[in-house]
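Single-structure report; data block below.
Number of protein chains: 2
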Amino acid sequence: MAGKPVVAIQGERGSYSEEATRHLLGMKAELRCCERFEDVFQLTASQETQYCLIPIENSLSGSIHKNYDLLLRHHLRIAREINLQINHNLIVKVGTTFEEINTVFSHPVALDQCDTFFEQFPHLIKRSAYDTSGSVKRIVEENLRDCAAIAGKQAAEFYGGEVVMTDIQDDKENFTRFFLLSPEVEAGEKTNKTSVVFSFRNTPGALFKCISVFALRDIDLTKIESRPIRGRPWEYLFYLDFLGNIKEENTRKALDHLEELTEFLEVLGCYPRDVSQQRKGM
Amino acid sequence: MAGKPVVAIQGERGSYSEEATRHLLGMKAELRCCERFEDVFQLTASQETQYCLIPIENSLSGSIHKNYDLLLRHHLRIAREINLQINHNLIVKVGTTFEEINTVFSHPVALDQCDTFFEQFPHLIKRSAYDTSGSVKRIVEENLRDCAAIAGKQAAEFYGGEVVMTDIQDDKENFTRFFLLSPEVEAGEKTNKTSVVFSFRNTPGALFKCISVFALRDIDLTKIESRPIRGRPWEYLFYLDFLGNIKEENTRKALDHLEELTEFLEVLGCYPRDVSQQRKGM
Numbered sequence: 002m003a004g005k006p007v008v009a010i011q012g013e014r015g016s017y018s019e020e021a022t023r024h025l026l027g028m029k030a031e032l033r034c035c036e037r038f039e040d041v042f043q044l045t046a047s048q049e050t051q052y053c054l055i056p057i058e059n060s061l062s063g064s065i066h067k068n069y070d071l072l073l074r075h076h077l078r079i080a081r082e083i084n085l086q087i088n089h090n091l092i093v094k095v096g097t098t099f100e101e102i103n104t105v106f107s108h109p110v111a112l113d114q115c116d117t118f119f120e121q122f123p124h125l126i127k128r129s130a131y132d133t134s135g136s137v138k139r140i141v142e143e144n145l146r147d148c149a150a151i152a153g154k155q156a157a158e159f160y161g162g163e164v165v166m167t168d169i170q171d172d173k174e175n176f177t178r179f180f181l182l183s184p185e186v187e188a189g190e191k192t193n194k195t196s197v198v199f200s201f202r203n204t205p206g207a208l209f210k211c212i213s214v215f216a217l218r219d220i221d222l223t224k225i226e227s228r229p230i231r232g233r234p235w236e237y238l239f240y241l242d243f244l245g246n247i248k249e250e251n252t253r254k255a256l257d258h259l260e261e262l263t264e265f266l267e268v269l270g271c272y273p274r275d276v277s278q279q280r281k282g283m
Numbered sequence: 002m003a004g005k006p007v008v009a010i011q012g013e014r015g016s017y018s019e020e021a022t023r024h025l026l027g028m029k030a031e032l033r034c035c036e037r038f039e040d041v042f043q044l045t046a047s048q049e050t051q052y053c054l055i056p057i058e059n060s061l062s063g064s065i066h067k068n069y070d071l072l073l074r075h076h077l078r079i080a081r082e083i084n085l086q087i088n089h090n091l092i093v094k095v096g097t098t099f100e101e102i103n104t105v106f107s108h109p110v111a112l113d114q115c116d117t118f119f120e121q122f123p124h125l126i127k128r129s130a131y132d133t134s135g136s137v138k139r140i141v142e143e144n145l146r147d148c149a150a151i152a153g154k155q156a157a158e159f160y161g162g163e164v165v166m167t168d169i170q171d172d173k174e175n176f177t178r179f180f181l182l183s184p185e186v187e188a189g190e191k192t193n194k195t196s197v198v199f200s201f202r203n204t205p206g207a208l209f210k211c212i213s214v215f216a217l218r219d220i221d222l223t224k225i226e227s228r229p230i231r232g233r234p235w236e237y238l239f240y241l242d243f244l245g246n247i248k249e250e251n252t253r254k255a256l257d258h259l260e261e262l263t264e265f266l267e268v269l270g271c272y273p274r275d276v277s278q279q280r281k282g283m
């Protein structure tokens, strides 16, 4: 690998995932672009790539539940997190004017985040694509003169498209949280945030008891997410993020206590908290 | 309305939503079919229909988060819940043989729930549609001889399609929980389940305290779901279901206590628990 990390991402070059990867690993990182998240995880689980970078949560649309499920299935570990501000732009083939556009391609989540824009220009037809930057690539490469794509600025730069309108999302406070995953990660000294997943046999007060192991030790939770358990209708797995390093005694004791109360417990990672857009304790 | 309830549903006639509606309100109920959930909620909020029926959660794929968000936006109340067993079937135009099929239409969630089937027959192309029963309708009405749809048996009956393969879903334990919503509902004596939504200013231990109001009174939780709050990145709304009737003192006191701890609290409904596929306390 010789200092040149290889990272699997979903979507094409120029995507928000590439931007997040560059923030964490710099320009040297080599990317493997996949169409499906399953393939992204698979490449890293089979060690064909050293890392993968996946979105896990958006501050407007919520968790990417599919990736929570894949995280558990592939037993990858969280090495880093990053909160990236998302600014959507309307991008065209160079020379296309706004008046010529009748169709707009993008990922369905990006289209949804630009509702006000589409209400303002009701003649524009929305078309779902599997990726934001892939939509820019298509418009430029296929010379689609009456089409535009919604994507980040870096997609326009990468494919030589032209930004005709900036920041068209409804809400300026739009952040996506990404995880950098790897088959195995050693928790460093500076890590201060931990993610776990657990389940318990459903008995009254069980969730309360599980959360108490943190509250009793003044450990802040930052996120809780529940997902269904296959084959056990209406029972759930809980994904929990909290502020703490598993090398500290307080955190270790909380996890030992949690183990007493659960039938399944896995530490998904212990990593440095991204404080660039800080999440508060809950 | 003269005893003939009018109910808005998403999707076409013959859908799982229709089946759930028939279970709750019988054959007399008149249906208004909508393409989008937004329209389903809107019709009921504006009192053009007395009720709407929406899926809220599937035991395999999890919550339908969009509907949690719409529930809050439109201030509708939960009148009833129902857990419906989902059995997917492969349905064709009468006379089409399995060998002739090359394309299969359905809702993306239904396609995902039949992964094993598609692995077994890799030549079949999956095509997303907005609805299971609407896919059957299309195949029958447009006489698509090389296509099939994945949907419930009632869709085949309704449109005169033919079931060529039954129970093709990966997992037999496949249930969808539906809510019957109405602009205003009076909690009856026999109701024993309550749904609330709340938020709090993020302070350490806040979620623990909110859940303690139930644990301290031996009230069983059956579900917790978090959703992002717009404009406050990494803060969440919590949707909670628990066993209790708001007319009972114990439940009322728990909710009074919860109000002390939250900055926002709304009771979404108090309704009879569907015990046909029972969810346990947590």
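Which chain is which? The protein sequence lines are A and B, in order.
Add 1 to the 1-based position in the first sequence for the working numbering, that's all there is to it.
Add 1 to the 1-based position in the second sequence for the working numbering, that's all there is to it.
Every residue, glycine too, gets a C-beta built ideally from N, C-alpha and C.
Once DSSP output is grouped into helix, strand and coil, what is the label at A:Q86?
Working through the first sequence from its first residue, we reach residue 86 of chain A at position 85. Strand at A:Q86.
Start and end of the alpha helix (DSSP H) containing A:E120?
Translated into positions along the first sequence, residue 120 of chain A becomes position 119. Looking at the DSSP string, the run of the alpha helix (DSSP H) that includes A:E120 is D116 to Q121.
Using a C-beta cutoff of 8 Å, does A:F122 count as contacting chain B?
Within the first sequence, numbered from 1, the residue matching residue 122 of chain A stands at position 121. Not closer than 8 Å to any Cβ of chain B, the Cβ of A:F122 fails to qualify, so no.
Would you please state the rounded distance, in angstroms, between the beta carbons of A:L182 and A:C34? I believe it to be under 8 Å.
Taking the first sequence and counting its residues from 1, one reaches residue 182 of chain A at position 181. Taking the first sequence and counting its residues from 1, one reaches residue 34 of chain A at position 33. That pair is no contact at about 16 Å.
By the 10 Å Cβ neighbour count, where 16 or more other Cβ atoms means buried, how is A:E100 classified, buried or exposed?
Looking up residue 100 of chain A in the first sequence gives position 99. When all chains shown are included, A:E100 counts as exposed.
Would you mind telling me which residues of chain A sit closer than 7 Å to B:S60, beta carbon to beta carbon, in chain order?
Stepping through the second sequence from its first residue, residue 60 of chain B is reached at position 59. Within 7 Å Cβ-Cβ: P229, P234 and W235.
If we cut at 8 Å on Cβ distances, does B:L73 have a partner in chain A?
In the second sequence, counting from the first residue as 1, residue 73 of chain B sits at position 72. No, because no Cβ of chain A sits closer than 8 Å to the Cβ of B:L73.
Under 8 Å between the Cβ atoms of B:E260 and B:S200?
Counting from 1 along the second sequence, the entry for residue 260 of chain B is found at position 259. Counting from 1 along the second sequence, the entry for residue 200 of chain B is found at position 199. No. Outside cutoff.
Could you give the first and the last residue of the continuous alpha helix (DSSP H) run that contains A:P205?
Position 204 of the first sequence, counting from 1, holds the residue named residue 205 of chain A. Run containing A:P205: none; DSSP gives neither H nor E here.
In its own chain, which residues sit with a C-beta less than 8 Å from the C-beta of B:S64, not counting the 5 before and 5 after it?
Counting from one through the second sequence, the residue named residue 64 of chain B turns up at place 63. Correct list, in chain order: I57, E58 and E226.
Quick one: any contact between the segment 91-109 of chain A and the segment 143-158 of chain A, if contact means 3 or more CB pairs under 8 Å?
Yes, the segment 91-109 of chain A touches the segment 143-158 of chain A.
Here's a check: name, in chain order, each residue in its chain whose Cβ is nearer than 7 Å to the Cβ of B:P234, leaving out the five neighbours to either side.
Here the question's residue 234 of chain B lines up with position 233 in the second sequence. Nothing meets the Cβ criterion.
For A:I225, decide whether its Cβ has a neighbour in chain B, counting only Cβ atoms nearer than 8 Å.
Working through the first sequence from its first residue, we reach residue 225 of chain A at position 224. Yes, A:I225 counts as interfacial toward chain B.
Can you pull the chain B neighbours of A:A216, defined as C-beta to C-beta under 9 Å?
To locate residue 216 of chain A, count along the first sequence from 1; it is residue 215. Those within 9 Å of A:A216 in chain B are P205, G206, L208, F209, K210 and S213.
Can you check whether the CB of B:I212 is closer than 8 Å to the CB of A:I212?
As a first step, residue 212 of chain A is located in the first sequence; it is residue number 211 there, counting from the start. As a first step, residue 212 of chain B is located in the second sequence; it is residue number 211 there, counting from the start. Contact flag set, yes.
Assuming A:S134 and A:E13 are in contact, meaning their beta carbons sit under 8 Å apart, how far apart are those beta carbons, in whole angstroms?
In the first sequence, counting from the first residue as 1, residue 134 of chain A sits at position 133. In the first sequence, counting from the first residue as 1, residue 13 of chain A sits at position 12. Their Cβ separation, rounded to whole angstroms, is 5 Å, which keeps A:S134 and A:E13 in contact under 8 Å.
Less than 7 Å between C-beta atoms, sequence neighbours within five positions excluded: which residues of the same chain meet that for B:Q121?
Within the second sequence, the letter at position 120 stands for residue 121 of chain B. Counting only Cβ-Cβ distances below 7 Å, and skipping sequence neighbours, we find nothing.
Does the distance from the CB of B:D238 to the CB of B:R228 come in under 8 Å?
Here the question's residue 238 of chain B lines up with position 237 in the second sequence. Here the question's residue 228 of chain B lines up with position 227 in the second sequence. Reading the sequence as shown, one finds Leu at residue 238 of chain B and not Asp. Against a cut-off of 8 Å, the Cβ pair of B:R228 and B:L238 comes out as a contact.
Find the residues of chain B that neighbour A:D221, judging by a C-beta separation of less than 7 Å, and give them in chain order.
In the first sequence, residue 221 of chain A corresponds to position 220, counting from 1. Near A:D221 (Cβ distances below 7 Å), the residues of chain B are P205.
What is the DSSP secondary structure of A:V95, reduced to helix, strand or coil?
The residue given as residue 95 of chain A occupies position 94 in the first sequence. If DSSP states are grouped into helix, strand and coil, A:V95 belongs with coil.
A:E250 to A:P123, Cα distance in whole Å?
Taking the first residue of the first sequence as position 1, residue 250 of chain A is located at position 249. Taking the first residue of the first sequence as position 1, residue 123 of chain A is located at position 122. Distance between the alpha carbons of A:E250 and A:P123: 58 Å.
Quick check on A:S60: does DSSP put it in helix, strand or coil?
Sequence index remark: in the first sequence, residue 60 of chain A carries index 59 (1-based). Looking at A:S60 - three-state DSSP - the assignment turns out to be coil, as it is neither helix nor strand.
Which of the three DSSP states, helix, strand or coil, is assigned to B:Y131?
On the second sequence, residue 131 of chain B is found 130 positions in, with the first residue counted as 1. Three-state result, B:Y131: coil.
With A:T22 as the anchor, note down where its alpha helix (DSSP H) starts and where it stops.
Within the first sequence, the letter at position 21 stands for residue 22 of chain A. It spans Y17 to L26 - the alpha helix (DSSP H) in which A:T22 sits, taken as one unbroken run.
Distance cutoff 8 Å, beta carbons only. Does A:D257 sit that close to anything in chain B?
Within the first sequence, residue 257 of chain A is the residue found at index 256, counting from 1. Chain B contact via Cβ: absent.
Curious, which full-length beta strand (DSSP E) runs of at least 3 residues does the segment 151-225 of chain A contain?
The qualifying runs are 162-166, 176-183 and 194-200.
Within its chain, find whatever has a CB closer than 8 Å to the CB of A:V164; leave out the 5 residues flanking it on each side and keep chain order.
Here residue 164 of chain A refers to the residue found at position 163 of the first sequence. Excluding residues within five positions, the ones whose Cβ falls inside 8 Å are N90, L91, I92, K154 and A157.
DSSP three-state call for B:D40: helix, strand or coil?
For the purposes of this step, residue 40 of chain B is taken as the residue at position 39 of the second sequence. Note: B:D40 maps to helix in three-state DSSP.
Using CA atoms only, rank isn't needed, just tell me which of A:T22, A:E185, A:D132 and A:G206 is closest to A:S47.
Residue numbering aside, residue 47 of chain A sits at position 46 when the first sequence is read from its first letter. Considering only alpha carbons, the answer is A:E185.
For B:G63, return the contacting residues in chain A, with the cut-off set at a CB-CB distance below 7 Å.
Your numbering for residue 63 of chain B matches position 62 in the second sequence. Here the neighbours are H66, R228 and P229.
Is it a yes or a no for the segment 74-85 of chain A touching the segment 186-206 of chain A, going by three-plus beta-carbon pairs under 8 Å?
The segment 74-85 of chain A is in contact with the segment 186-206 of chain A.
Please tell me whether A:V7 has its Cβ less than 8 Å away from any Cβ of chain B.
The residue labelled residue 7 of chain A in the question sits at position 6 within the first sequence. Answer no: the Cβ-Cβ gap between A:V7 and chain B never drops below 8 Å.
Using DSSP's beta-bridge definition, name the partner residues of B:E31.
The residue you call residue 31 of chain B lines up with position 30 of the second sequence. Bridge partners of B:E31: B:V7.
With DSSP collapsed to three states, give me the class of B:P109.
Here residue 109 of chain B refers to the residue found at position 108 of the second sequence. DSSP places B:P109 in helix when its eight states are reduced to three.
Taking Cβ positions only, does A:E260 come closer than 8 Å to chain B?
Start at 1 with the first residue of the first sequence, and residue 260 of chain A comes out as number 259. It does not: the Cβ of A:E260 has no partner Cβ on chain B nearer than 8 Å.
What residue from B:G162, B:K127, B:S129 and B:L125 has the CA that sits closest to B:E143's CA?
Working through the second sequence from its first residue, we reach residue 143 of chain B at position 142. Of B:G162, B:K127, B:S129 and B:L125, the residue nearest in Cα terms is B:G162.
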